[in-house]
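Asks: Dropping the structure in here first, questions after.
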Amino acid sequence: MSLGRFLVRRLLLSLLVLLGSSIMIFVIARIIPGNPARLALGEKATQEAVDRLSEEMHLNDPWYIQYGYWILGVFQGDLGDSLNTKRPVIDDVKDFLPATLELVLFSSVFIVLFAVLFGRIATRYRNRWPDTVIRVCAYIGVAMPGFVLATLFVLVFGAQGTSVSVLGRLTTGITVERVTGFMLIDTLLAGDLYAFKDAFFHLLLPALALACAPMFSEARIIRSAMLDNMNKDYLIAHKGYGIPNSLVMRKYLLKPSLIPAISTLGLDIAALAGNAFLVEMIFAWPGISRYGTQAILNKDLNAISAVILIFGILFIIINIIVDVVVSILDPRIRLGGS
Amino acid sequence: MVEQNGTMATIEQEEEVVLKGWARWKDSAGKAWFRFSRNKLSVVGLLMVLSVVIAAIFAEHIIPYPEHVGAFVDFANASQAPSADHWFGTDTTGRDIFSRVIFAYREALIMAVLVLAIAVPVGVTIGLFAGYKKGSWIDTLLMRTTDIFLGLPSLILAFSIAAVLKPTLTNCMIAVTLTWWPWYARMVYGIASSARNEYYVIGAGLIGAKKPHILFKEILPSCFSPVLTKMALDVGVVVLISASLAYLGLGTQPPAPSLGQMISSSADYMTRYWWMTVYPALAIVYLILGFNFLGDGLRDMLSKGDLKYG
Chain U
1104 MSLGRFLVRR LLLSLLVLLG SSIMIFVIAR IIPGNPARLA LGEKATQEAV DRLSEEMHLN
1164 DPWYIQYGYW ILGVFQGDLG DSLNTKRPVI DDVKDFLPAT LELVLFSSVF IVLFAVLFGR
1224 IATRYRNRWP DTVIRVCAYI GVAMPGFVLA TLFVLVFGAQ GTSVSVLGRL TTGITVERVT
1284 GFMLIDTLLA GDLYAFKDAF FHLLLPALAL ACAPMFSEAR IIRSAMLDNM NKDYLIAHKG
1344 YGIPNSLVMR KYLLKPSLIP AISTLGLDIA ALAGNAFLVE MIFAWPGISR YGTQAILNKD
1404 LNAISAVILI FGILFIIINI IVDVVVSILD PRIRLGGS
Chain B
6 MVEQNGTMAT IEQEEEVVLK GWARWKDSAG KAWFRFSRNK LSVVGLLMVL SVVIAAIFAE
66 HIIPYPEHVG AFVDFANASQ APSADHWFGT DTTGRDIFSR VIFAYREALI MAVLVLAIAV
126 PVGVTIGLFA GYKKGSWIDT LLMRTTDIFL GLPSLILAFS IAAVLKPTLT NCMIAVTLTW
186 WPWYARMVYG IASSARNEYY VIGAGLIGAK KPHILFKEIL PSCFSPVLTK MALDVGVVVL
246 ISASLAYLGL GTQPPAPSLG QMISSSADYM TRYWWMTVYP ALAIVYLILG FNFLGDGLRD
306 MLSKGDLKYG
């Protein structure tokens, strides 16, 4: 199977899964006890107004027709109004999504860079103290909830009366014109290096809080894959040809050893998105997860469905990227065609 | 000593092939313990898990201040640092944190056990059927449904389900269970769909074994060890997710103690009263570490392959 056909097949399957997920999201948003129209208007609204809104929201129709209206709206970019902010949900999403994307992308970069670095260190010094330190960190990372780590970070780095500078995306007083919504890019576009530095340091801690746990467990996966591959015949042959050891390590050992780590990276980033719900709240990070948390706590149905839908789409995109990268690294997976 | 018994049993088995009843059980238990205890961390994990389970079961008899578990107020002793009277200190209303942590263990374990007790049989059965009927419409229907559940990040799904329901322990449990079964379905599906082509399964079909027999007596046993290992590891993850839910206020409601909610309610005072946050956090780490070590040990014990030395 060629890469193109593999990709098309994968995309179609994902579309199917996404459609199924949308039905599930719809069902979740509708199992809430009580009339959504009544919830939207509040306790004091007259029965007449509630009836009118029910008719407008198609609440009197069977569920599949309601779903039809909802999904049609989704395709047109209409996700309904938020009860919380009293604005169209789609506008809220446009405001808050870039902050979360920036955070998740930044911590993914952290995960990849440090996982490879630590994985190689652990392989090179296996069963010696650097390996042990990484192993202990991996165990603690698995056992330590993300929100605990975030709370500790805020406490430790915000302790010396600088607690404010840890929270949010920029120090109050610094303003940057919003172009892309990605603070690092916006500050560079504005040519404001001081603001760029400020934004970078604000990004650093929450991204680290998110990246710490997956970073070390990925390093462990890379380590065990490298040790497994180390005694394979092709590697011994390469050494026999007289290729320098460092080149063998970097080029021929690392590449196949990354495959299992990349396969789990998709799941790690999904977990990251989930943890972002708590970490964004702790760091007062104005992203979609914090918006989602507020929506969840206020039972803001349209916003909740929108947030789950966005994370579903994100998750699927990440998984496709992971599949493509893995199939480039290991063509057997693609050619096997299952 | 025990390790020696294990090796002895291995040698004995080679000499006399047939062992029956008690002797046979003792022999396999000895071998299992030998495999399990090769890694010292597994034994540590087992001890950690046992301590948590015993503490949770006998919580009322262990904790020094049983009345502090509910809505108890004693402002005279509020916000006390850890001392001989209060090992983990007291919270802002004067309740003993040690007592509350032990009681929260009970809640966390009940939740984990119930979630797995529902999610594992459901997931395993679905995976088993879909794997055995690989390629039929049953397979497509079941596994695409599983994919849909796996298509959304489970923590977010659990948050949302818990959000639209009333925030209680039961609903929190429902939310986590709904996101949990697909992992088992996916895992068992992989094993079952390859086992159906093994000769012992085909053979059983040829001599006229009924379908339930093939599914549950022939294929199911080969799923046993990966499922058990995953369960041990999952107890930790379920505890973590339920702590996250409680942190957002979507789990157990105060005044009942839960680890996540103890951390969230005390995080604001952390600079002054570190013990209110640190001890519940350490309690979570202890529990999850224990189950992880235990899970690794079970994997060593149950894996059919060669023992990995060192």
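So the protein lines, in turn, are chains U and B. Numbering-wise (our numbering), the first sequence opens with residue 1104 and increments by one. Numbering-wise (our numbering), the second sequence opens with residue 6 and increments by one. Even for Gly, the Cβ is constructed at its ideal location relative to N, Cα and C. This structure is a prediction, so every number in the text was calculated from the model and none was measured.
1. Inspect the beta-carbon positions of isoleucine 1128(U) and leucine 1400(U) and report whether they are closer than 8 Å.
2. Taking C-beta pairs closer than 9 Å, name the residues in chain U that methionine 275(B) reaches, listed in chain order.
3. Below 6 Å CB to CB, which residues in the same chain sit around valine 48(B) once its five sequence neighbours on both sides are set aside?
4. For aspartate 96(B), name the three-state secondary structure that DSSP assigns.
5. Taking a cut of 7 Å between CB atoms, which residues from the segment 277-304 of chain B lie near chain U?
6. Tell me which residues of the segment 100-118 of chain B have at least one Cβ-Cβ distance to chain U shorter than 7 Å, keeping chain order.
7. In chain order, what residues of the same chain have a beta carbon less than 6 Å from the beta carbon of tryptophan 186(B), not counting five sequence neighbours either side?
8. Proline 231(B) bridges to which residues according to DSSP?
9. For serine 165(B), decide whether its Cβ has a neighbour in chain U, counting only Cβ atoms nearer than 8 Å.
10. Cβ of lysine 171(B) versus every heavy atom of the ligand ADP: is any distance shorter than 7 Å?
11. Would you kindly report the start and end of the unbroken alpha helix (DSSP H) that includes tyrosine 1167(U)?
12. Just how far apart, CA to CA, sit threonine 12(B) and arginine 29(B)?
13. So isoleucine 1324(U) and proline 1363(U) are supposed to be a Cβ contact under 8 Å. How far apart are they, rounded?
14. Name, in chain order, the residues that DSSP records as bridge partners for aspartate 101(B).
15. Please list, in chain order, the chain U residues whose beta carbon lies closer than 9 Å to that of serine 249(B).
16. Give the interface partners of aspartate 152(B) over in chain U, defined as CB-CB distance under 7 Å, in chain order.
17. Using the Cβ count rule (16 or more neighbours within 10 Å means buried), how would you classify asparagine 297(B)?
18. Identify whether proline 1191(U) lies in helix, strand or coil by the three-state DSSP scheme.
19. Between the C-alpha atoms of glycine 256(B) and glutamine 266(B), what's the straight-line distance to the nearest angstrom?
20. Within the 8 Å Cβ cut-off, does tyrosine 1242(U) reach chain B?
21. When the Cα of glycine 195(B) is compared with those of Ala135(B), Asp32(B), Leu307(B) and Gly75(B), which residue comes out closest?
22. If distances are taken between C-alpha atoms only, which option among Asn202(B), Ser227(B), Tyr278(B) and Ser56(B) comes closest to lysine 138(B)?
23. Quick one: what's got a C-beta closer than 7 Å to glycine 1415(U)'s C-beta in the same chain, skipping five residues either side?
24. How would you label serine 1266(U), buried or exposed, when you count the other beta carbons within 10 angstroms and need 16 or more for buried?
25. Less than 8 Å separating the beta-carbons of methionine 178(B) and leucine 119(B)?
26. Thinking C-beta only, is alanine 1310(U) closer than 8 Å to leucine 1287(U)?
Replies: Taking the structure as given:
1. Locating residue 1128(U) in the first sequence gives position 25, counting from the first residue. Locating residue 1400(U) in the first sequence gives position 297, counting from the first residue. No.
2. As a position in the second sequence, residue 275(B) is number 270, starting the count at 1. What methionine 275(B) touches in chain U: Thr1254, Leu1255, Val1257 and Leu1258.
3. Numbered from 1 along the second sequence, position 43 holds the residue referred to as residue 48(B). The answer, listed in chain order, is Ser42.
4. Residue 96(B) sits at position 91 when you count from the first residue of the second sequence. In the structure shown, aspartate 96(B) sits in coil (DSSP, three-state: anything other than H, G, I, E or B).
5. Thr282, Ala286, Ile289, Val290, Ile293, Leu294 and Asn297
6. none
7. For the purposes of this step, residue 186(B) is taken as the residue at position 181 of the second sequence. Contacts found: Ala124, Val127 and Gly128.
8. Counting from one through the second sequence, the residue named residue 231(B) turns up at place 226. None, per the DSSP bridge assignment.
9. Taking the second sequence and counting its residues from 1, one reaches residue 165(B) at position 160. Yes, because at least one Cβ of chain U sits closer than 8 Å to the Cβ of serine 165(B).
10. Of the ligands one can find in the structure shown there are none, so the ligand ADP has no counterpart to examine.
11. In the first sequence, counting from the first residue as 1, residue 1167(U) sits at position 64. Counting along the chain, the alpha helix (DSSP H) containing tyrosine 1167(U) begins and ends at 1166-1178.
12. Here residue 12(B) refers to the residue found at position 7 of the second sequence. Here residue 29(B) refers to the residue found at position 24 of the second sequence. Its pLDDT being 49, under 50, threonine 12(B) is placed unreliably by the model, and the measurement read from it follows with that caveat. Those two C-alpha atoms are separated by around 14 Å.
13. Sequence index remark: in the first sequence, residue 1324(U) carries index 221 (1-based). Sequence index remark: in the first sequence, residue 1363(U) carries index 260 (1-based). Going by Cβ atoms, the distance from isoleucine 1324(U) to proline 1363(U) rounds to 5 Å, so yes, they are a contact pair.
14. Here the question's residue 101(B) lines up with position 96 in the second sequence. In the DSSP output, where bridge partners are listed per residue, aspartate 101(B) has Thr95(B).
15. Looking up residue 249(B) in the second sequence gives position 244. Near serine 249(B) (Cβ distances below 9 Å), the residues of chain U are Pro1248, Gly1249, Phe1250, Gly1377, Asn1378, Phe1380 and Leu1381.
16. The sequence position of residue 152(B) within the second sequence is 147, counting from 1. Result: Val1120.
17. Counting from one through the second sequence, the residue named residue 297(B) turns up at place 292. Classification of asparagine 297(B): buried, given that the 10 Å Cβ count is 16 or more.
18. For the purposes of this step, residue 1191(U) is taken as residue 88 along the first sequence, with counting starting at 1. Three-state result, proline 1191(U): strand.
19. As a first step, residue 256(B) must be located in the second sequence, where it is residue number 251. As a first step, residue 266(B) must be located in the second sequence, where it is residue number 261. Taking the straight line from one Cα to the other gives about 8 Å.
20. In the first sequence, the residue the question calls residue 1242(U) occupies position 139. True, the Cβ-Cβ gap to chain B drops below 8 Å.
21. Residue mapping note: residue 195(B) aligns to position 190 of the second sequence, counting from 1. That would be Ala135(B), whose Cα lies nearest to the Cα of glycine 195(B).
22. For the purposes of this step, residue 138(B) is taken as the residue at position 133 of the second sequence. Among Asn202(B), Ser227(B), Tyr278(B) and Ser56(B), the Cα nearest to that of lysine 138(B) is on Asn202(B).
23. The residue given as residue 1415(U) occupies position 312 in the first sequence. Cβ within range, chain order: Leu1121 and Ser1124.
24. Position 163 of the first sequence, counted from the start, is the residue given in the question as residue 1266(U). Caution applies to serine 1266(U), whose pLDDT of 48 falls short of 50 and renders its modelled position unreliable; the value that the coordinates give is listed next. Exposed.
25. Position 173 of the second sequence, counted from the start, is the residue given in the question as residue 178(B). Position 114 of the second sequence, counted from the start, is the residue given in the question as residue 119(B). For methionine 178(B) and leucine 119(B), yes; Cβs fall inside 8 Å.
26. Reading the first sequence from its first residue, position 184 is the one you call residue 1287(U). Reading the first sequence from its first residue, position 207 is the one you call residue 1310(U). It is not a contact, given that the beta carbons lie outside the stated cut-off.
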